[in-house]
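All remarks here apply to the structure that follows.
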Amino acid sequence: MTSLGPATAQQMNRRASQTEPDSDLENGDDNPFKSRDWRVWSYAWSGFAVRVLIIVGGIFSVLQYLDTREENRVERTLQLIELWEKPEFQAAQQAIGERLDALNAQFGELLDKNATAAERAVYFDRVGVAAMQSDGGTMPVETFRAHFDRMLYFLNRMAFCVDGGLCSKDVVDGYFGDFASSFWAYFGGYITEQRGGIAPNYGAPLEEYVASLKG
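See below:
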């Protein structure tokens, strides 16, 4: 019988070791986090750490973006408040307030203290229409309408700023909400009557903003 030489025996041992099944696979354990090979274990945890860092970085970027947007909204709102406090808009507010006060004193007895919401709406609309007439106050109607147009311009601009997400709605609502609602209650009927022709959306931004306050 021919005996195996040392070289042949070593070759067969190497082949046997190459075909011997991996103990990890034999056990069905292919989880790299439990591997007994420290290199596989290290690569697994390194990859996991990188994924965690990517997720955390993404969340931080989103939060930073949202925070920056909110800061920009507040800044734009403060600019709107500064515009409101300019003399021309303060004069417009005063002119409108004085004209409405005089008409309310004139027509106040027409509104019962227990009036319904619908009756109050009719009353406000009547006062607003009267304010736009030549006999609606001591100020010449052309001058008053200039103040009115200036105020409507401001309120439409305010509404655009909120609707476009450029201004902070909470701050705008707290600062201008009551005045905008009152202005629309008195002049909404007059404004909608003026729509048509070249101005089909006359006062529409303000109308939508006031509607959002009720919602």
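So the sequence shown is numbered by the working numbering: it starts at 1 and just counts up by one.
We treat Cβ as the ideally placed atom computed from N, Cα and C, and that holds for glycine.
For residue i, the residue or residues it bridges with in DSSP
| i | result |
| --- | --- |
| A199 | G196 |
Exposed unless 16 or more other CB atoms sit within 10 angstroms - verdict on residue i
| i | result |
| --- | --- |
| A180 | buried |
| S23 | Caution is warranted here: a pLDDT of 47 is assigned to S23, below 50, making its placement in the model unreliable, and the coordinate value is therefore given only provisionally. That one is exposed. |
| P21 | Confidence is the limiting factor: at P21 the pLDDT is only 48, short of 50, which leaves the residue's position unreliable, though a coordinate-based value still follows. P21 comes out exposed. |
| G73 | The sequence shown places Arg at residue 73, rather than the Gly named in the question. Per the 10 Å Cβ criterion, buried. |
| F107 | exposed |
| L110 | exposed |
| A95 | buried |
| I55 | exposed |
| I198 | exposed |
| F115 | The question names Phe, but residue 115 is Ala in the sequence shown. Exposed, by the Cβ-count rule. |
| P205 | buried |
| A118 | exposed |
| L83 | exposed |
| G97 | exposed |
Close-in-space but distant-in-sequence residues of the same chain around residue i (CB under 7 Å, 5 per side omitted)
| i | result |
| --- | --- |
| V210 | A180, S181, W184 |
| F124 | A185, Y186 |
| K169 | V162 |
| Y175 | I81 |
| M139 | A95, R99 |
| G215 | none |
| L155 | A180, F183, L206 |
| R150 | E88, F89, A92 |
Contact set for residue i: own chain, Cβ-Cβ below 8 Å, skip 5 residues either direction
| i | result |
| --- | --- |
| C161 | R76, T77, L80, C167, V172 |
| N201 | R195 |
| V127 | L100, L103, N104, F107, Y186 |
| R51 | none |
Proximity to residue i [Cα-Cα], best of the options
| i | options | result |
| --- | --- | --- |
| L103 | F144, G197, R120, A131 | A131 |
| S212 | D178, I198, G197 | D178 |
| E208 | A159, G197, A199 | A159 |
| A92 | D135, L152, K113, S46 | L152 |
| E71 | F89, A121, G165 | G165 |
| A146 | E88, K113, Y190, G203 | E88 |
| Y190 | K214, K86, G215, A121 | A121 |
| Q90 | N31, F148, G203, K113 | F148 |
6 Å CB neighbourhood of residue i in its chain, flanking five on each side removed
| i | result |
| --- | --- |
| V217 | Nothing can be reported for residue 217, as the shown portion of the chain is limited to 1 through 215. |
| G136 | A130 |
- Task: Only counting runs of 3 or more residues, tell me where the beta strand (DSSP E) segments fall wholly within the region 137-177, in order along the chain.
- Result: The region 137-177 contains no whole beta strand (DSSP E) run of 3 or more residues.
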